[in-house]
Amino acid sequence: EFQVRHNLEKEKEKLAGLYVGNPKRETTRPSAEIILAAFKEITLLLIEVKNEIYAHLTALSPLQKRILALLGFSISIYTQLDGQSFTPE
């Protein structure tokens, strides 16, 4: 929460799309709860085929990508999980 607010202030920017009932509403002070809620629709699907497990993640929305950037994270922390296969132990 602090990091997102700090970077929004630093960049003199507002974040829109966080409020379900009012997607155009902008804020410079999003709460941790509302930030986390922006990620609630992410799904990780694991499929086992011939003793290998494949992972598939839903794509990140532009809002989710922006939040990760404001937190100082590369989207690769998310995308590197997609499409991986591994042998279960």
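To convert, note that position 65 of the sequence shown is 431 in our numbering; the numbers rise steadily by one, no gaps.
Think of the CB as a built atom: it goes at the ideal place given N, C-alpha and C, for glycine as much as any other residue.
Pro396 places its beta carbon less than 8 Å from that of Leu384. Judged by DSSP secondary structure, Ile413 falls within the beta strand (DSSP E) whose first and last residues are 410–415.
Annotation: Arg432 to Leu423 spans about 18 Å, alpha carbon to alpha carbon.
Classified as buried, Ala404 has 16 or more neighbouring CB atoms from the shown chains inside 10 Å of its CB. One thing to note: Glu375 has its Cβ within 8 Å of the Cβ of Thr394. Cβ contact annotation for Glu407 (same chain, cutoff 8 Å, sequence separation greater than five): Thr424, in chain order. In terms of Cβ geometry, Ala382 and Lys390 form a close pair [threshold 8 Å]. In the DSSP secondary-structure assignment, Leu423 is bridged to Leu410. Ile441 is a Cβ neighbour of Leu426, given a cutoff of 8 Å.
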